[in-house]
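Report on the structure given below.
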Amino acid sequence: MPRVRLQFQTHLNPAEVRATYLSFTKPHPRFPLVRHKAIGVALVNLRQFDSPERYLAEIGGKNRGASLAQRARKRGYTVAQIDRNAYVDEIHAINTSLTERQGRPMSAAYTSRTQHFDQLPNYRYYGVLAPGGKLVAYANMGYYGDFAALAQLMGYRNNDGAMHLLLVDLVSSLITEKRARFLMYDTFFGASAGMQAFKRMLGFQPHYVSYELLD
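Its first residue numbered 12, the sequence shown is counted upward by one per residue in my numbering.
Shown next as structure tokens:
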């Protein structure tokens, strides 16, 4: 696996960035000699693509990320930045649409209806809208320094490609913006085979990662 050193920059949101740095670098709950998010971290190296088109070519082919995203686009799905407080009921419906994900019961953080969402200054919030405007998937993404990380990614389980479209458009926007070097989507280890395959078809690869905390 490639080795990468990522920077946390506290000026983006001091309390939240520091808390995330401490979470990522604390001992792993099952392997205490290893940092929590150090081995097998799922990253897209955004700098290897000089345009979104190059990224789409990389993840092209039958039943890969680009083709499945295009399937959703042809069916009328669109991706947009959203105010989550305009979709409180829709987000709750997505969160409770399955009792288990990744072979584990949904936690109370998802099954309890959130009355109001805070908007963090270093975050962007995205949604996939079906024809007619129904929210069918959403993603919360934080900027932490020279990388961005997905904090939540959730949607209805179907074969329309909406989740693929969400990540394809999100990665494409990051490539165009040129603000972050990498996008992180948790880790490969501990993820189901299906989730690992989903990450790979969208360009995520496992990395060894170390971190530094900067002002």
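The beta carbon of each residue, even a glycine, is placed where N, CA and C say it ideally should be.
Own chain partners of residue i with C-beta closer than 7 Å, once the 5 adjacent residues on each side are dropped
{"i": "G172", "result": "L79, A80, R82, A83"}
{"i": "N24", "result": "L131, P132, N133"}
{"i": "D157", "result": "L17, Q18, A191, R192"}
{"i": "R135", "result": "Q92, M152"}
{"i": "A208", "result": "none"}
{"i": "A77", "result": "L67, I70, G71, V179"}
{"i": "R124", "result": "H103"}
{"i": "R58", "result": "R192"}
Expected contact under 8 Å - CB spacing of residue i and residue j to nearest Å
{"i": "Q20", "j": "L185", "result": "About 16 Å separates the two Cβ atoms, so there is no contact after all."}
{"i": "G153", "j": "Y98", "result": "Their Cβ separation, rounded to whole angstroms, is 19 Å, which puts G153 and Y98 out of contact at 8 Å."}
{"i": "G214", "j": "V182", "result": "7 Å"}
{"i": "V90", "j": "L164", "result": "Not a contact, Cβ separation roughly 12 Å."}
{"i": "L140", "j": "Y88", "result": "7 Å"}
{"i": "R95", "j": "F60", "result": "Contact doesn't hold; Cβ gap of about 29 Å is too wide."}
First through last residue of the beta strand (DSSP E) which encompasses residue i
{"i": "F158", "result": "158-166"}
{"i": "Q216", "result": "216-225"}
{"i": "Y88", "result": "Here Y88 belongs to no beta strand (DSSP E), and DSSP marks it neither H nor E."}
{"i": "A202", "result": "Neither: A202 is in no beta strand (DSSP E) and is coded neither H nor E."}
{"i": "N56", "result": "50-56"}
Cutoff 8 Å; reference residue i; Cβ partners in own chain excluding five residues on either side
{"i": "K37", "result": "R46, H47"}
{"i": "Y167", "result": "I105, S108, V147, A148, A173"}
{"i": "A254", "result": "Residue 254 lies beyond the range of the chain shown here (12 to 226); nothing can be said about it."}
{"i": "M212", "result": "I70, N74, R75, G76, L79, H175"}
{"i": "T122", "result": "N106, T107"}
Residue i burial status per 10 Å Cβ neighbour count (16 or more: buried)
{"i": "N106", "result": "buried"}
{"i": "P142", "result": "exposed"}
{"i": "R16", "result": "exposed"}
{"i": "M12", "result": "exposed"}
{"i": "L33", "result": "exposed"}
{"i": "K210", "result": "buried"}
{"i": "H175", "result": "buried"}
{"i": "A159", "result": "buried"}
{"i": "A26", "result": "exposed"}
{"i": "A150", "result": "buried"}
{"i": "V28", "result": "buried"}
N- and C-terminal bounds of the alpha helix (DSSP H) containing residue i
{"i": "Y66", "result": "63-69"}
{"i": "L177", "result": "173-188"}
{"i": "Q128", "result": "Note on residue identity: the sequence assigns Phe, not Gln, to residue 128. Counting along the chain, F128 falls outside any alpha helix (DSSP H), and DSSP gives it neither H nor E."}
Chain-order list of residues whose beta-carbon lies under 6 Å from that of residue i (same chain, five-residue window excluded)
{"i": "L54", "result": "F193, M195, H218"}
{"i": "S221", "result": "R16"}
{"i": "F199", "result": "G51, A53, Q207, P217"}
{"i": "S62", "result": "none"}
{"i": "R86", "result": "D171"}
Beta-bridge pairing of residue i - partner residues as DSSP gives them
{"i": "N151", "result": "Y136, Q163"}
{"i": "L17", "result": "Y222"}
{"i": "F193", "result": "N56, F158"}
{"i": "L146", "result": "L140"}
{"i": "R95", "result": "R95 pairs with nothing; no bridge assigned."}
{"i": "R46", "result": "P38"}
Short CB-CB distance (under 8 Å) between residue i and chain D
{"i": "M12", "result": "Looking for chain D here will not work: only one protein chain is present."}
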